[in-house]
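Worksheet: the structure to be examined is printed underneath.
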Amino acid sequence: MAPNTACLAKLPTELILEIKDRLALDAILALKLTQRRFNNIFPLDQTCWQDPRSRCAQRALQIYLASPLPEPSHRHCVLCNAEYPVSQFKSSNSPSCAPLEHINIPHDIVKLPSRVCSWHVRRFTRTVKSEAGGRDEWVSHGDSMCMHCGDIQGWKKCRCECDSCSLCEVTTYTRHVNNAEECRTPVFWRDALNSGVEGEGQLWVREKLWVANRKQVIDLPVRSESA
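Residue numbers (full-length UniProt numbering): 1 to 227.
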């Protein structure tokens, strides 16, 4: 049990019920499933299920009430609102990532949230223009993403008013570019040296650019940067 849940469970029953009255149905159900005392003192009468609910709340209820599967074949993407094979939640299946040659199963090149599929790799990237002679590099840093609309909070704080969605810690990637030629069709890849395990090895980005009507390819390392 998480420490915060344990502390909440020690509160007087009257205070816990006061808190419960301010919660949405899916939040109440989540608490019932985390602690036996909550399960005993939180009633769920029929009227609770008749109130209108948001899409996020309905999906949360479905997840909480679903029977756990030891090896599920599919998973729900919260941003697509669709079911996909679990392999689709590994970023090596994204057109924006080049898989490692020595790993013949789906794996991670960039890390995705567990309920976000590989179609959304580009959602975690952005391009920032700088002046001539300015920054010209890829950097990564931690941020938060709204699990309802998918907005990265450090880039564009969303106005989501849904009580049932949450923020998820993610890694984002920013391309600082000081010219008009670079940052065409970027593809993430990892150095295979010393990377026997997925997600290890230096992360790079391969870009295509045109110089004097000739296509060229450049590889830039991704530098980790504090937010």
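Glycine residues also receive a C-beta, built at the ideal position from the N, C-alpha and C atoms.
For residue i, which of the options has the nearest alpha-carbon?
i: Leu112; options: Ile103, Cys97, His102, Asn104; result: Cys97
i: Thr172; options: Pro68, Leu203, Gln62; result: Leu203
i: Asn39; options: Lys20, Ser67, Gln50, Cys117; result: Lys20
i: Trp155; options: Thr174, Cys56, Glu137; result: Thr174
i: Asp26; options: Thr13, Leu11, Ile16, Pro52; result: Pro52
i: Val213; options: Glu83, Asn93, Glu181, Asp191; result: Just to set this straight, residue 213 is Asn in the shown sequence, not Val. Of the candidates Glu83, Asn93, Glu181, Asp191, the one whose C-alpha sits nearest the C-alpha of Asn213 is Glu181.
i: Gly133; options: Ser94, Pro95, His176; result: His176
Using C-beta distances below 6 Å, list every residue in its chain close to residue i, excluding the 5 sequence neighbours before and after it, in chain order.
i: Pro186; result: Val205, Glu207
i: Lys90; result: Pro106, His107, Asp108
i: Met145; result: Ile152, Cys168, Val170
i: Ile218; result: Glu207
i: Arg37; result: Ala9
Report yes if the C-beta distance between residue i and residue j is below 8 Å; otherwise report no.
i: Met147; j: Cys165; result: yes
i: Glu225; j: Asn178; result: no
i: Gly150; j: Leu79; result: yes
i: Val110; j: Phe188; result: yes
i: Cys77; j: Arg123; result: no
i: Ser140; j: Val222; result: yes
i: Trp119; j: Leu220; result: no
Leaving out the 5 sequence neighbours to the left and right, which residues in its chain are closer than 8 Å to residue i when beta-carbon positions are compared?
i: Ser195; result: No answer about Ser195 holds up, because its pLDDT of 48 lies below 50 and its placement is not dependable.
i: Leu65; result: Leu29
i: Ala192; result: Leu100, Glu101, His102, Gly201
According to DSSP, what are the bridge partners of residue i?
i: Trp210; result: Lys215
i: Phe188; result: Cys97, Val205
i: His76; result: Glu83
i: Val222; result: Trp138
i: Val128; result: His176
Return the chain-ordered list of same chain residues with a C-beta closer than 7 Å to the C-beta of residue i, the five sequence neighbours on each side being excluded.
i: Ser54; result: Cys162, Ser164
i: Leu69; result: none
i: Pro72; result: Val86
i: Trp210; result: Glu181
Which residue comes first and which comes last in the beta strand (DSSP E) that contains residue i?
i: Leu167; result: 167 to 177
i: Glu137; result: 137 to 146
Need the endpoints of the alpha helix (DSSP H) that residue i sits in, please.
i: Thr155; result: Position check: residue 155 holds Trp in this sequence, whereas Thr was assumed. First-last for Trp155: undefined, no H or E at that position.
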